[in-house]
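Numbering (my numbering), first residue to last: 97 to 504.
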């Protein structure tokens with residue numbers, strides 16, 4: 097009938113209208129998802145590029161300045177690995193909130209992915225506006241986070257690049273801020289660095305060193321030197337410590353402090369330390385000192401690597417070195433990381449019968465709590481205290497106290 101067809105048409109039109117509304121809503125949701133990070137809700141890389149293009153266009157049109165802050169979290173992977181990905185995600189959300197709170201309402205913070213964030217500071221008054229913002233962010237992120245019942249400490253390295261009426265391209269601006277960030281990280285972390293042309297040259301030099309170091313491992317340019325360990329009571333030789341050196345062509349013999357930090361940044365440290373453990377055990381057991389002790393240094397990254405226990409175990413088995421003759425030296429920074437994988441590695445190393453020593457004690461995160469938790473057999477007092485024994489009373493008091501702790 098007529099009334100039935102009118103009712104059907106109304107129902108059809110209503111359905112089409114509802115479907116259109118749903119499609120618009122879905123389009124809006126998808127549009128937002130395409131331009132925003134799903135975890136933090138911040139603009140993502142695609143949105144960041146659009147916003148930077150607009151900001152640089154305004155620079156050229158009006159003549160104002162824009163600053164880009166490239167932020168990378170220091171030690172995030174360690175936290176993510178030890179506490180788990182849900183805790184890592186919660187930390188990233190909280191980090192995003194603190195960065196947002198540290199900048200002006202008109203400024204923009206975006207997440208590039210992983211633990212990298214970018215801040216766009218609009219209409220800045222020279223570099224001081226940018227450095228003030230960077231200082232606030234470093235300060236905000238330097239305060240502990242409470243994540244899943246744990247106090248989590250993290251810091252940030254920040255690179256700053258400035259654009260004015262002679263603005264760079266978006267890619268160049270981000271690249272320069274990124275390079276400045278790596279310079280900040282290499283300089284000690286928890287700080288900011290302003291881009292300059294020298295940074296580009298230094299980064300190229302570091303990249304060349306990384307490539308050369310990778311070849312050094314493969315072409316047997318690494319060698320071991322041995323430092324004696326003496327007993328003070330009778331001044332006899334107690335053991336030796338293996339120290340890695342690099343015979344780099346055209347550069348001479350390089351000490352560890354010139355290349356190990358770069359190896360740690362580039363993740364080559366695991367391969368280097370595995371080589372050191374194996375080679376040191378081989379050379380030591382073939383020497384006249386084979387009845388003494390052999391000390392080898394391990395990095396924090398090594399202890400987080402699941403293969404480190406097998407590396408040590410295989411070296412002991414293949415060379416016949418007794419486990420109690422091998423001393424693994426660990427820095428306080430390594431132990432202070434409070435990493436579950438690190439703790440497990442230490443337990444397994446002790447189960448093998450290997451001795452543990454805390455290196456450079458007194459310069460890092462000295463804490464009686466971790467001395468109670470870590471099954472270490474010896475403490476190595478940092479040379480800065482020992483070398484001043486005859487001229488500085490406080491150094492003498494500190495050394496005496498540490499010796500007392502070691503005997504306790």
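From the three backbone atoms N, C-alpha and C, an ideal C-beta is built for every residue, glycine too.
Determine the DSSP secondary structure at residue i, reduced to helix, strand or coil.
i	result
residue 305	helix
residue 292	coil
residue 388	coil
residue 313	helix
residue 243	strand
residue 236	helix
residue 259	strand
residue 441	helix
residue 485	coil
residue 207	strand
residue 427	strand
residue 532	In the structure as shown, the chain begins at 97 and stops at 504. Residue 532 is therefore absent and cannot be evaluated.
residue 176	helix
residue 297	helix
residue 455	strand
residue 170	strand
Residue i: which of the options sits nearest, CA to CA?
i	options	result
residue 345	309, 360, 152 and 373	309
residue 211	174, 204 and 401	174
residue 241	268, 279 and 172	172
residue 284	387, 357, 373 and 189	357
residue 228	254, 375, 177 and 191	254
residue 384	167, 336, 348 and 236	336
residue 217	155, 185 and 191	155
residue 209	413, 288, 246 and 141	141
residue 137	417, 185 and 181	185
residue 426	323, 438 and 417	438
residue 475	158, 313 and 496	496
residue 517	306, 298 and 181	As shown, the chain starts at 97 and ends at 504. That puts residue 517 outside it, with no answer to give.
residue 402	351, 178, 293 and 135	178
residue 249	371, 313, 183 and 143	183
residue 446	162, 269, 332 and 405	405
residue 442	409, 413, 417 and 372	409
residue 231	328, 199, 354 and 413	199
residue 450	260, 413 and 135	413
residue 372	134, 444, 320 and 297	320
residue 322	377, 295, 161 and 289	377
residue 415	448, 375, 326 and 444	375
So residue i is in the alpha helix (DSSP H); what residue range does that whole segment cover?
i	result
residue 182	181-198
residue 278	266-282
residue 321	Here residue 321 belongs to no alpha helix (DSSP H); instead the beta strand (DSSP E) covers 318-326.
residue 414	404-415
residue 159	Where residue 159 is concerned, there is no enclosing alpha helix (DSSP H), given that its DSSP letter is neither H nor E.
residue 380	365-381
residue 399	396-400
residue 250	No alpha helix (DSSP H) contains residue 250, which DSSP labels as neither H nor E.
residue 359	356-361
Which same chain residues, not among the five before or five after residue i, have their C-beta less than 7 Å away from its C-beta?
i	result
residue 472	452, 453 and 454
residue 139	131, 132, 147, 204 and 206
residue 266	145, 148, 149 and 152
residue 324	333 and 336
residue 379	320
Check for me: the beta strand (DSSP E) holding residue i runs from which residue to which?
i	result
residue 134	Residue 134 -> no beta strand (DSSP E), and no H or E assigned at all.
residue 450	It is not in any beta strand (DSSP E) - residue 450 carries neither H nor E in the DSSP assignment.
residue 334	333-344
residue 474	474-477
residue 348	348-350
residue 219	212-220
Go through its chain and collect everything with a Cβ distance to residue i's Cβ below 8 Å, but skip five positions before and after it.
i	result
residue 317	311, 342, 343, 344 and 345
residue 365	356, 359, 395, 397 and 398
residue 122	The predicted model places residue 122 with a pLDDT of 44, which falls under 50 and marks its position as unreliable; any figure quoted below should be read in that light. Same-chain partners within the cutoff: there are none.
residue 273	164, 165, 166, 214, 255, 256, 257 and 291
residue 251	169, 170, 171, 234, 237, 238, 285 and 286
Using C-beta distances below 6 Å, list every residue in its chain close to residue i, excluding the 5 sequence neighbours before and after it, in chain order.
i	result
residue 190	241
residue 486	none
residue 196	205
residue 176	184
Query - the region 141-156 / the region 221-230 touching (three or more Cβ pairs under 8 Å) - result: Verdict: no, contact absent.
Requested in this report: Please confirm if the region 386-403 is in contact with the region 415-422, defined as three or more CB-CB distances below 8 Å between the two stretches.
Outcome: Put simply, the region 386-403 touches the region 415-422. At least three CB pairs are less than 8 Å apart.
Query raised in the report: With contact counted as at least three CB pairs below 8 Å, one residue from each stretch, are the region 268-282 and the region 296-308 in contact?
Result: Yes: the two stretches touch, three or more of their Cβ pairs being nearer than 8 Å.
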